[in-house]
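**Q** One structure, as structure tokens, below. Some questions next.
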Amino acid sequence: MAHESSIISIEPGYRPGFLARCLDMHMTYYHPYNSWGLIFETSLAKNFADLIQRLNTNPRNQVWAAVQSTPNDKPGNFTQQILGTILLDSESLQQPGTAQIRGFIVDERARSLGVGKRLLAAAMEFVEMQGFDKVTLFTSKSQEASLYLYRKNGFVIVGDAEKVLWGVQMNELQLDWNRPAVSSRSDDALDV
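If you're matching positions, the sequence shown starts at 1 in the UniProt record's numbering and goes up one per residue.
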């Protein structure tokens, strides 16, 4: 019997397994690439868990998961798996009107399917709804696909510093998105 194809939806908010899956995808990708291990994993676990716990106390924080729903053997039932995450933290940088994108990752099986594009679009739609003036994120030069996606969404590189991150020397890039300025048209105002 042929099954319907799986569906990937972008879902806001915490769901059971969100933190574990986010960490799993980060470790699966970054450990072989940068040899980041215990220090990296525990740092992410602490920071991401802290943000997730603040979801209920600050509505300007949010997380999203790309969830794949695949039909299983029981009619009408689906098996769900998180294939990507993105977190938006309005408090970490302690700058009014500024949010930070964190924990943005897509499972390698879902890359090139537009999942990252959809996750970032959901986060940026939230940024617009919440009226943030600026969004900051940190990444590395080696993340070419991510950098392309960020630039396409209006982010610009504002910092490039060589640092030791989780025991590995690398170049950390800071990218910012700034709300486009609304032009003041006072010279066109009508005198009443």
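In this text, a Cβ means the ideal position worked out from N, Cα and C, and glycines have one as well. All values derive from a computational prediction rather than experimental measurement.
For LYS134, does the three-state DSSP call read helix, strand or coil?
**A** In this structure, LYS134 counts as strand in the three-state DSSP scheme.
**Q** Alpha carbon to alpha carbon, how far is PHE155 from ASN178?
**A** 8 Å
**Q** Go through its chain and collect everything with a Cβ distance to ALA110's Cβ below 8 Å, but skip five positions before and after it.
**A** ILE8, ALA66, GLN68, LEU83, GLY84
**Q** Smallest Cα separation from GLY159: which of ASN153, THR28, TYR29, SER140?
**A** SER140
**Q** Can you grab the Cα-Cα spacing for the pair ASN58 / LEU88, in whole Å?
**A** 11 Å
**Q** For the beta strand (DSSP E) containing ASN100, list its first residue and its last residue.
**A** This sequence places Gln at residue 100; Asn is not what is there. Run containing GLN100: 98-106, per the beta strand (DSSP E) assignment.
**Q** Tell me, please, which residues DSSP counts as bridged to PRO71.
**A** PHE78
**Q** Since GLN100 and SER92 should fall inside the 8 Å C-beta cutoff, what is the C-beta to C-beta distance between them, to a whole number of angstroms?
**A** Under the criterion of beta carbons closer than 8 Å, GLN100 and SER92 qualify as touching, at roughly 5 Å.
**Q** Given a threshold of 16 other Cβ atoms within 10 Å of its Cβ, counted over all protein chains shown, does HIS31 qualify as buried or as exposed?
**A** exposed
**Q** What's the C-alpha gap between ALA49 and PRO71?
**A** 30 Å
**Q** When you compare only the Cα positions, how much space is there between GLU162 and THR136?
**A** Distance between the alpha carbons of GLU162 and THR136 is about 18 Å.
**Q** Where ARG60 and ASP133 are concerned, what is the direct C-alpha to C-alpha distance, given to the nearest angstrom?
**A** 13 Å
**Q** For SER9, report the span of its beta strand (DSSP E) as first-last.
**A** Per DSSP, SER9 belongs to the beta strand (DSSP E) from 7-12.
**Q** Taking the beta carbon of ALA122 as the centre, do at least 16 other beta carbons fall within 10 Å, making it buried, or is it exposed?
**A** buried
**Q** Please name the residue, chosen from ASN34, SER35, LEU55, that lies closest to TYR14 on a Cα-to-Cα basis.
**A** LEU55
**Q** Let me check understanding here. Comparing Cα to Cα, which of GLN80, GLU41, PHE40, LYS46 lies closest to GLU11?
**A** Selected option, being the one with the closest Cα: GLN80.
**Q** Smallest Cα separation from LEU23: which of LEU175, PRO16, ALA45, SER6?
**A** ALA45
**Q** Taking the alpha carbon of THR98 as the point to measure from, which residue in VAL106, GLN130, PHE78 has its own alpha carbon closest?
**A** From the listed residues VAL106, GLN130, PHE78, the smallest Cα separation to THR98 is found for GLN130.
**Q** Taking the alpha-carbon of TRP64 as reference, which of TYR33, LEU38, PHE126 has the nearest alpha-carbon?
**A** PHE126
**Q** Could you tell me the boundaries of the beta strand (DSSP E) in which LEU165 lies?
**A** 156-165
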